[in-house]
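>
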Ligand SMILES: Cc1ncc(COP(=O)(O)O)c(C=O)c1O
Ligand SMILES: [Zn+2]
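Numbering (the numbering used here), first residue to last: 19 to 430.
1) Counting Cβ pairs closer than 8 Å, one from the segment 340-350 and one from the segment 221-239, do we hit at least three?
2) Using only alpha-carbon positions, find the residue among 93, 64, 401, 65 that is nearest to residue 74.
3) Can you tell me where the beta strand (DSSP E) with residue 294 in it begins and where it stops?
4) Heavy atom of ligand 2 less than 6 Å from the Cβ of residue 328, yes or no?
5) Looking at the secondary structure, which residues open and close the alpha helix (DSSP H) in which residue 215 lies?
6) Quick one: residues with CB closer than 6 Å to any heavy atom of ligand 2, in chain order, please.
7) I want to check one thing, is the minimum distance from the CB of residue 158 to the heavy atoms of ligand 1 below 6 Å?
8) Quick one, which of 109, 71, 29 has its alpha-carbon nearest residue 379's?
9) Quick check on the burial criterion: 16 or more other C-beta atoms within 10 angstroms. Buried or exposed for residue 83?
10) As a quick exercise: from 423, 68, 198, 159, pick the residue whose alpha carbon is nearest that of residue 185.
11) Exposed or buried, which one is residue 407 when buried takes at least 16 other CB atoms within 10 Å?
12) Between residue 69 and the rest of its own chain, which residues show a CB-CB distance below 6 Å, the 5 nearest in sequence each way excluded?
13) Would you kindly check if the distance between the Cβ of residue 313 and the Cβ of residue 253 is under 7 Å?
14) In chain order, what residues of the same chain have a beta carbon less than 6 Å from the beta carbon of residue 255, not counting five sequence neighbours either side?
15) With distance defined between alpha-carbon atoms, name the residue in 356, 279, 351 nearest to residue 369.
16) Between which residues of its own chain and residue 335 is the CB-CB distance below 8 Å, once the five residues before and five after are set aside?
17) Residue 431: which of 395, 374, 394 sits nearest, CA to CA?
18) For residue 272 and residue 400, I'd like the C-alpha separation in whole angstroms.
19) Would you list the residues sitting across from residue 253 in a DSSP beta bridge?
20) Tell me, please, which residues DSSP counts as bridged to residue 175.
21) Rounded to whole angstroms, what's the CA-CA distance from residue 301 to residue 329? Just pull it up for me.
22) How do the segment 87-105 and the segment 119-133 stand: do at least 3 beta-carbon pairs fall below 8 Å, yes or no?
23) Between the alpha carbons of residue 274 and residue 22, how many angstroms are there, rounded?
24) Can you tell me the Cβ-Cβ gap for residue 282 and residue 216, rounded? I've got them flagged as a contact below 8 Å.
25) Nearest by alpha-carbon distance to residue 149: which of 247, 233, 206 is it?
26) Is residue 100 helix, strand or coil by DSSP?
27) If you drop the 5 nearest sequence neighbours on each side, which residues of the same chain put their C-beta closer than 8 Å to that of residue 67?
28) Using the three-state DSSP reduction, which class does residue 261 fall into: helix, strand or coil?
29) Taking the straight line between their C-alpha atoms, what separation do you get for residue 134 and residue 371?
30) Is residue 30 buried or exposed, if buried means 16 or more other CB atoms sit within 10 Å of its CB?
31) Note the first and the last residue of the continuous beta strand (DSSP E) segment covering residue 26.
32) Given a cut-off of 7 Å on the beta-carbon distance, is the pair residue 196 and residue 175 in contact?
33) Does DSSP classify residue 65 as helix, strand or coil?
34) Kindly indicate which residue of 289, 322, 187 has the alpha-carbon position closest to the one of residue 347.
35) Output the boundary residues of the alpha helix (DSSP H) element that contains residue 319.
36) If we ignore side chains and look at the alpha-carbon of each, how far apart do residue 58 and residue 52 end up?
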């Protein structure tokens with residue numbers, strides 16, 4: 019059984035009485051969950067590894083859920099960890115592995131967290147789950163709510179491209195388009211609505227949800243069979259992934275399942291890089307920035323208010339780093355991941371590979387290092403990022419001659 023040992027404020031250490039209020043009553047910081055792992059041993063972990071259930075629920079005891087009957091799963095987890103030999107050769111990183119989360123049920127890493135988040139919602143008896151998002155989180159919450167039989171409400175700012183909300187709508191979410199700015203009016207209405215209607219909050223301020231991304235650590239330990247990567251590079255926005263992976267690795271260390279943890283790297287777009295800025299300036303908290311437009315839309319977050327400081331701490335404690343790349347580097351990485359490793363990742367996801375490449379060029383990553391880059395979202399989420407020439411779609415006459423001519427004009 020996954021037992022919650024503590025539900026507390028990591029800033030002022032105050033234990034919280036309510037399990038459904040996610041902000042500390044004393045200092046308003048985001049509350050944190052600590053699951054009891056004291057009773058677990060290496061043998062238990064080895065048993066979990068053998069389970070026929072390949073979803074993240076293999077690691078049930080690590081998640082804050084009391085009953086297996088509450089689990090809401092779409093089979094998320096155990097995504098491929100591929101040795102990318104051709105891409106690695108190109109980048110000069112011979113032990114380059116890609117953690118392919120593009121194959122998760124709704125096409126992004128959000129399924130790891132929402133599977134846990136919606137399971138807890140079911141256990142706590144919520145009827146409606148809400149999220150404020152324009153992309154991957156909206157689709158994921160909507161899908162898991164559908165599977166759980168819980169209603170979902172998604173708030174987006176006016177002007178959001180229909181393609182961004184279609185997936186959530188398809189799963190049956192109620193989409194509310196709000197006249198206003200995402201970080202201001204939409205955020206204010208969202209908070210007011212949570213309070214007014216008692217909805218279950220699926221933002222990264224939900225501490226249960228965040229636990230789901232600890233599964234990266236367990237899966238990597240399993241898939242590399244005890245080998246620990248030297249570096250794990252994660253595309254970073256709110257900071258949940260870095261923070262949760264570090265928590266997962268700490269649990270495995272305390273169980274004696276691994277002897278050391280990898281160095282964690284927060285990869286950001288330079289148009290929205292508050293964690294990189296705070297890391298470089300040696301700050302203990304993240305200062306918000308105004309995010310500029312970037313091709314890495316899914317990680318365009320200027321103010322990682324909930325968990326930015328936790329991610330920063332995880333990067334430092336792991337002796338890792340935080341690195342930003344520009345749009346040209348991101349798009350080149352996206353193209354190389356597709357053409358040299360066969361994985362179509364969205365630009366935000368390819369940021370991890372762009373950063374690994376930059377770190378290799380700088381000599382921070384050495385040729386023999388074992389490097390894992392998390393590919394966190396599918397390329398079809400944002401197909402317009404791929405430049406396609408109109409003439410590529412022009413039909414040819416149905417003759418071998420015309421075909422031969424066309425082939426001779428194809429350069430790559
Ligand atoms: C594709 C993709 N990658 C990475 C992230 C990073 O999120 P976090 O820093 O919360 O792990 C997100 C979500 O914001 C995302 O949609
Ligand atoms: Zn507090």
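Just so it is clear, CB atoms sit at the ideal spot from N, CA and C, and this is done for glycine as well.
Concretely, from the data shown:
1) No, they do not touch.
2) 93
3) No beta strand (DSSP E) holds residue 294; the alpha helix (DSSP H) holding it covers 292-298.
4) Not so, every heavy atom of ligand 2 lies at least 6 Å from the Cβ.
5) Start and end: 205-215.
6) 27, 29, 30, 32, 42, 44, 45, 47
7) no
8) The residue among 109, 71, 29 with its C-alpha nearest the C-alpha of residue 379 is 109.
9) With 16 or more Cβ atoms within 10 Å of its Cβ, residue 83 is classed as buried.
10) The residue with the shortest Cα to Cα distance from residue 185 is 159.
11) exposed
12) 76
13) It is not a contact, given that the beta carbons lie outside the stated cut-off.
14) 317, 319
15) The option with the nearest alpha carbon to residue 369 is 351.
16) 264
17) The requested residue 431 is not part of the displayed model; the chain covers only 19 to 430.
18) About 40 Å.
19) DSSP, once it has assigned bridges, lists 285 as partnering residue 253.
20) In the DSSP output, where bridge partners are listed per residue, residue 175 has 196.
21) 12 Å
22) yes
23) Distance between the alpha carbons of residue 274 and residue 22 is about 21 Å.
24) Going by Cβ atoms, the distance from residue 282 to residue 216 rounds to 36 Å, so no, they are not a contact pair.
25) 206
26) strand
27) Excluding residues within five positions, the ones whose Cβ falls inside 8 Å are 76, 240.
28) helix
29) 28 Å
30) exposed
31) 22-26
32) yes
33) The answer is helix: DSSP assigns residue 65 an H, G or I state.
34) 289
35) Element bounds for residue 319: n/a, residue is neither H nor E.
36) If you take the alpha carbons of residue 58 and residue 52, they lie about 14 Å apart.
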